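Going left to right, the sequence shown walks through residues 666 to 724 as this note's numbering numbers them.
The beta carbon of each residue, even a glycine, is placed where N, CA and C say it ideally should be.
This structure is a prediction, so every number in the text was calculated from the model and none was measured.
Structure first, commentary second.
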Amino acid sequence: INVQKLTVKAAIEKDKTSIFHALLLDPLTSATLTIDEIQRMLDEIFQLEKEYGYLEDFK
666 INVQKLTVKA AIEKDKTSIF HALLLDPLTS ATLTIDEIQR MLDEIFQLEK EYGYLEDFK
C-alpha cells in the first residue's frame with residue numbers, strides 16, 4: 666500500500682521525485698529494472714508526455 670500512497674502523494678504534489686521513489690518500491694518494476702533503467706524510463710515518460718502537457722506541472 667505504500668507504493669500507492671506515494672503515487673497519490675506524487676500526483677497531488679506534482680512531485681517527480683516521489684514518482685521515482687514509488688517506482689523503486691514497486692515490486693515488479695524493481696525486480697525487472699535497475700535503478701538507472703527506472704530513472705531512464707521515467708525520464709522517457711516525461712519526455713513523451715510533453716507533447717500532451719499532462720505532466721508539465723511536475724517538478
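#1: Work out the CA separation of L707 and K740 for me, nearest whole Å.
#2: Smallest Cα separation from D722: which of A696, A675, N667, I700?
#3: Would L688 be called buried (16 or more neighbouring beta carbons within 10 Å of its own) or exposed?
#4: Between I677, R705, N667, which lies nearest to K724 when the distance is taken from Cα to Cα?
Quick look at the numbers:
#1: No information on residue 740 is available, as it lies outside the stretch 666 to 724 that the chain covers here.
#2: For the purposes of this step, residue 722 is identified with residue 57 of the sequence shown, where counting begins at 1. It is A675 whose Cα lies nearest to the Cα of D722.
#3: Within the sequence shown, the letter at position 23 stands for residue 688. By the neighbour-count rule (16 or more Cβ atoms within 10 Å), L688 is buried.
#4: Residue 724 sits at position 59 when you count from the first residue of the sequence shown. Looking at the Cα atoms, I677 is the closest of the given residues.
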